[in-house]
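In the working numbering, the protein residues as written are 664 to 1133.
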């Protein structure tokens, strides 16, 4: 095997196909049952009516292209460890599987950021990205009467998707203001189809007379055992609370999301270089134009490296696949230059749109500063904002000390839900995100059942050494 690719979204699947077409033997590993990732996720096979959207068609085309390639696709595998070499361990249908190759492409995608608020642990609160999974893959509504709140283009997409599927959108609350969206139009106009799609979502909501509250955030959710009410309150440009009347809305679900964070667990575990970029989702994996990281043989692409979106991820994956083939000598220099040049040019044309979208989803420090002391930040370990502040007072000055003092980030999600916000809370006391750093990567990346690792056995199978002579 020449190359292992982890992640079968737009970046990873295209990296695998590109490298395979250039002559490398490639294995593609993904936890899902089919390629597509989050944005091009395959619909559930039991659906009678399959969705017919640009994203659905793109996903279908990608899966067909992958099936026609020589890539060895291993779906239904949960990667839990990567070591230098590169050895990848994954849990599959038959237990643990190990793959080894001299080259590795990390394309594990992003995870969602939700800035905590009182009541965010109630049943009925889900992320915007989780809502898209329900809508795209299963044609299931997140609720019958739903509030959609947060920031970024996904707000309108989720709200319009709920309305189209027959749900009632009680309200949309956007941290941004109308002036922010107007300022974004020139950049969005560089991709007319997506701009038209976004305008279509807005018109759909207007036709349904859905109230939209600009410069509003989630103050709290409440209810007996589940979401029954959502309270919205005005905020400033930084997401911090301002004077003004709050609004309480009856709802049985809240879809909330405050941007995306690169899922760079593999690059962090292997100690590739990173730098902090507030407008790219946080800690970004350093790499060249072809995805090469600071570690020989390791490539990082897509939203797992920095937040750029699906189209840039697709191009980044193709470039990384070509680079991997070139770096091994399978692709001659002239062919590499000829194939890479138009992709580089295409990537440049997408920069303005991607950068503007990422800025709209960037973390708002004042919003984080406004988290109440009693609010849970780490859901897995029930660590509150007050306990994080207490850890600072006790001497915690980086996130690994914070983890040691509070167990924040030590639960099943390994800090994916709380890590960005917890680090921001500590950084606001210490001075900068660079100063507090990021949690040291450790396996397992995902929860792994012990019996899946050890397989079937009984005590008769345990080798017992002969007793030592007396």
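All C-beta atoms, glycine included, are put in the ideal place defined by N, C-alpha and C. All values reported here derive from a predicted model rather than from experimental measurement.
Beta-carbon separation (whole angstroms), residue i vs residue j, contact threshold 8 Å
i, j, result
"residue 954", "residue 964", "5 Å"
"residue 1080", "residue 1042", "6 Å"
"residue 868", "residue 832", "7 Å"
"residue 692", "residue 761", "Wrong, their Cβ atoms sit about 11 Å apart, outside the cutoff."
"residue 925", "residue 773", "6 Å"
"residue 776", "residue 1026", "7 Å"
"residue 852", "residue 1023", "No, residue 852 and residue 1023 are not in contact; Cβ-Cβ is about 15 Å, not under 8 Å."
"residue 861", "residue 816", "6 Å"
"residue 1069", "residue 1050", "5 Å"
Residue i versus residue j: straight-line alpha-carbon distance, rounded
i, j, result
"residue 798", "residue 877", "25 Å"
"residue 707", "residue 1131", "59 Å"
"residue 696", "residue 1034", "38 Å"
"residue 841", "residue 735", "48 Å"
"residue 668", "residue 738", "12 Å"
"residue 871", "residue 882", "25 Å"
"residue 1084", "residue 1121", "45 Å"
"residue 966", "residue 1066", "25 Å"
"residue 806", "residue 889", "11 Å"
"residue 902", "residue 780", "13 Å"
"residue 923", "residue 1129", "57 Å"
"residue 741", "residue 722", "21 Å"
"residue 986", "residue 749", "17 Å"
"residue 757", "residue 743", "15 Å"
"residue 834", "residue 745", "43 Å"
"residue 719", "residue 886", "36 Å"
"residue 1101", "residue 701", "25 Å"
"residue 845", "residue 969", "25 Å"
"residue 634", "residue 1115", "The requested residue 634 is not part of the displayed model; the chain covers only 664 to 1133."
"residue 689", "residue 732", "10 Å"
"residue 680", "residue 1009", "18 Å"
"residue 957", "residue 949", "7 Å"
"residue 705", "residue 973", "15 Å"
"residue 1020", "residue 665", "35 Å"
Minimum Cβ-Cβ distance from residue i to chain D less than 8 Å
i, result
"residue 962", "Protein chain content of the structure displayed is limited to a single chain, and chain D is not contained in it."
Simplified DSSP assignment, three categories, for residue i
i, result
"residue 877", "strand"
"residue 789", "strand"
"residue 937", "strand"
"residue 921", "coil"
"residue 779", "coil"
"residue 730", "helix"
"residue 760", "strand"
"residue 884", "strand"
"residue 952", "coil"
"residue 1038", "coil"
"residue 1051", "helix"
"residue 831", "strand"
"residue 1005", "helix"
"residue 911", "strand"
"residue 865", "helix"
"residue 683", "helix"
"residue 707", "coil"
"residue 844", "helix"
"residue 720", "helix"
"residue 1122", "helix"
"residue 666", "strand"
Option nearest residue i by Cα separation, candidates the options
i, options, result
"residue 1075", "1111, 1120 and 836", "1111"
"residue 747", "961, 1016, 849 and 1093", "961"
"residue 910", "1006, 890, 884 and 903", "884"
"residue 893", "810, 845 and 1019", "810"
"residue 804", "1098, 830 and 782", "830"
"residue 613", "704, 1029 and 1003", "The structure shown does not extend to residue 613, since the chain spans only 664 to 1133, so no value can be given for it."
"residue 971", "997, 957, 942 and 949", "942"
"residue 904", "858, 1032 and 1023", "1032"
"residue 914", "765, 850 and 812", "812"
"residue 726", "699, 715 and 816", "699"
"residue 873", "1053, 1100, 808 and 733", "808"
"residue 824", "1107, 844, 846 and 800", "800"
"residue 764", "959, 783, 1004 and 1125", "959"
"residue 945", "1052, 1087 and 907", "1087"
"residue 828", "816, 836 and 802", "802"
"residue 1007", "1077, 951 and 1109", "951"
Any non-hydrogen atom of the ligand NAP within 7 Å of residue i CB
i, result
"residue 1131", "Of ligands this structure carries none, so the ligand NAP is not represented either."
Are the stretch 931-940 and the stretch 887-907 touching, with three or more C-beta to C-beta distances below 8 Å? Taking one beta carbon from each stretch, the stretch 931-940 and the stretch 887-907 have fewer than 3 pairs nearer than 8 Å; the two do not touch.
Is it true that the stretch 785-801 meets the stretch 912-927, where meeting means three or more beta-carbon pairs spaced less than 8 Å apart? The answer is yes - the stretch 912-927 touches the stretch 785-801, with three or more Cβ pairs under 8 Å.
Using a Cβ distance threshold of 8 Å, determine whether the stretch 767-787 contacts the stretch 925-932, with at least three qualifying pairs required. Remark: three or more beta-carbon pairs, one from each stretch, lie closer than 8 Å, so the stretch 767-787 and the stretch 925-932 are flagged as touching.
Taking contact to mean at least 3 C-beta pairs separated by less than 8 Å, is the stretch 962-979 in contact with the stretch 668-677? Yes, the stretch 962-979 is in contact with the stretch 668-677.
Counting Cβ pairs, one atom from each stretch, are 3 or more of them under 8 Å apart for the stretch 681-694 and the stretch 982-997? The stretch 982-997 and the stretch 681-694 touch, with three or more beta-carbon pairs separated by less than 8 Å.
Does the stretch 808-827 touch the stretch 982-990, meaning 3 or more C-beta pairs lie closer than 8 Å? In the pairwise beta carbon analysis, the stretch 982-990 is classified as not touching the stretch 808-827: fewer than three pairs are separated by under 8 Å.
Across the stretch 1052-1062 and the stretch 1093-1108, are there enough close Cβ pairs to call them in contact, namely three or more that are closer than 8 Å? These segments touch.
Please determine if the stretch 1011-1023 and the stretch 1037-1053 are in contact, where contact requires at least 3 C-beta pairs separated by less than 8 Å. No, the stretch 1011-1023 does not touch the stretch 1037-1053.
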